[in-house]
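First comes the structure, then the notes that go with it.
Residue numbers (the working numbering): 9 to 440.
Structure, rendered in structure tokens:
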């Protein structure tokens with residue numbers, strides 16, 4: 009056995025981060041092309057919201073089935089297939105000749121992306137030691153995802169559509185092709201377990217396993233019925249509050265994922281070059297906030313020794329400050345530079361609580377962590393289904409200021425739910 013471990017796990021980490029980046033790059037493109045779609049197909053904001061909900065319905069509906077498939081067949085080929093499907097779905101946006109086909113394209117994109125983060129979470133578990141796993145999840149799940157959304161606004165919006173004046177369909181086809189290329193890379197270089205990868209030596213395998221023993225690439229999910237039988241009323245209420253927090257967080261965040269570019273286009277008459285830059289600012293704040301939030305969680309727990317209130321403090325203050333700042337930012341509503349600069353800080357504080365949510369899932373889940381993760385990620389779809397419909401109707405009939413007020417109040421309600429979450433209550437009793 010070679011004494012010095014190889015470092016191939018970081019190649020896997022780069023592949024996973026690239027996938028997370030690409031997922032949000034592709035997802036946020038629809039927000040950019042809404043203005044031209046509204047003109048081409050004569051769509052109102054409420055109709056654009058329903059198209060967003062078509063994505064969310066598919067994304068939510070397939071999350072658990074494809075999560076189970078990932079556990080059953082491994083990440084390697086299931087995530088490869090998901091990359092291909094969602095890249096084709098994105099390409100269909102450019103091909104769609106009418107709104108019916110556009111709705112199908114949205115659903116195909118949602119299908120492909122539905123269980124991608126469940127697969128990426130499995131990669132961090134199979135390929136990295138426990139001691140660095142949470143930190144890496146913050147970078148993988150929050151930072152690179154938000155940078156992907158930023159890239160959609162800046163690289164696609166400001167550069168491709170703005171500076172180079174590419175037709176929007178050509179830009180969509182080009183980045184869909186990048187997705188196919190990423191699928192080929194993933195299929196070529198990834199394996200479900202470091203033990204099965206020819207570029208990983210025994211020393212690196214031992215470092216990854218870190219005394220936990222061999223990690224299975226195919227982990228059966230605890231059946232929902234078995235989990236419910238083991239739950240007490242107290243633990244059931246606790247998980248429901250965590251789910252409610254996730255729904256409210258997703259509902260508020262839908263403003264940033266789906267509506268900022270159209271708002272800048274309509275209200276401030278910005279075209280792609282400026283619109284993409286200003287729409288990128290909140291996502292940069294979210295990327296930095298996600299990394300900071302992971303560090304803040306670990307620091308608070310280490311300093312206080314109190315797991316529950318450390319989690320609550322980070323989660324509640326992040327969402328509460330985000331709500332207050334969003335209301336305050338409306339003072340500069342008529343100035344896109346100052347308003348989007350304010351949204352940078354809104355998203356920074358909002359997203360520092362995301363890793364807190366994942367930490368709570370791990371804290372309370374125990375043996376049922378995979379099931380709790382799937383449930384919590386699935387109920388987030390309620391927020392992403394309701395958000396586009398709600399904000400589209402409010403914007404269409406009442407204007408944009410009420411949209412941001414609604415988002416701010418939702419953040420504040422989300423902060424209050426954190427006060428009722430106790431991450432020290434296990435979802436099920438330990439097996440005897």
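Using N, Cα and C, we set each Cβ at its ideal position, and we do this for glycine too.
Boundaries for residue 340: no alpha helix (DSSP H) harbours it, and the DSSP string shows neither H nor E there. A distance below 7 Å between beta-carbons, with the five flanking residues on each side excluded, links residue 326 to the following residues of its chain, in chain order: 301, 357, 358, 360, 361. Taking a C-beta distance under 8 Å as the contact criterion, residue 392 and residue 243 do not qualify as a contact pair. Note that the C-beta distance between residue 372 and residue 380 is below 8 Å.
Secondary structure at residue 431: coil, using DSSP grouped into helix, strand and coil.
Per DSSP, reduced to three states, the secondary structure at residue 122 is coil, with no helix or strand assignment.
Excluding sequence positions up to five before and after residue 124, its CB lies within less than 6 Å of the CB of 31, 90, all in the same chain and listed in chain order.
Straight-line spacing of the CA atoms in residue 137 and residue 200 works out to 15 Å. Restricting attention to 431, 298, 161, the CA atom closest to the CA of residue 279 is found in 161.
The Cβ neighbour count for residue 114, taken over all protein chains shown within 10 Å, is at least 16; the residue is labelled buried.
Rounded to whole angstroms, the Cβ separation of residue 322 and residue 304 is 5 Å, and the two are in contact under 8 Å.
DSSP places residue 405 in the helix class (H, G or I) of the three-state scheme. In the three-state reduction of the DSSP assignment, residue 213 falls in the helix class. If one requires a minimum length of 4 residues, the alpha helix (DSSP H) runs lying completely within the stretch 149-195 are 152-159, in chain order.
Distance from the CA of residue 394 to the CA of residue 239, rounded to the nearest whole angstrom, comes to 29 Å. For residue 365, the uninterrupted alpha helix (DSSP H) segment begins and ends at 362-373.
The closest CA to that of residue 429, considering only 316, 399, 343, 355, is found on 316. By the neighbour-count criterion, in which 16 or more other beta carbons inside 10 Å mark a residue as buried, residue 311 falls on the exposed side. By the criterion of a C-beta distance shorter than 6 Å, residue 188 is surrounded in its chain by 95, once the five residues flanking it on both sides are discounted. Between the stretch 279-291 and the stretch 155-173, the count of Cβ pairs shorter than 8 Å is three or higher; the stretches touch. Comparing C-alpha distances from residue 99 to each of 37, 308, 416, 66 shows the shortest one belongs to 37. In this structure, residue 148 sits near residue 24, with a CB-CB distance shorter than 8 Å. Ranked by how close their Cα comes to the Cα of residue 268, the residues 370, 324, 291, 198 have 291 in first place. Residue 336 counts as exposed, since fewer than 16 other beta carbons sit within 10 angstroms of its beta carbon. Residue 263 holds the alpha-carbon nearest to the alpha-carbon of residue 330 among 122, 263, 44. Counting along the chain, residue 264 sits inside the alpha helix (DSSP H) bounded by residues 241-266.
When rounded, the separation of the alpha-carbon atoms in residue 33 and residue 17 is 24 Å. Remark: C-beta atoms of residue 365 and residue 258 do not approach each other more closely than 8 Å. For the set 68, 154, 107, the Cα lying nearest the Cα of residue 387 is the one of 68.
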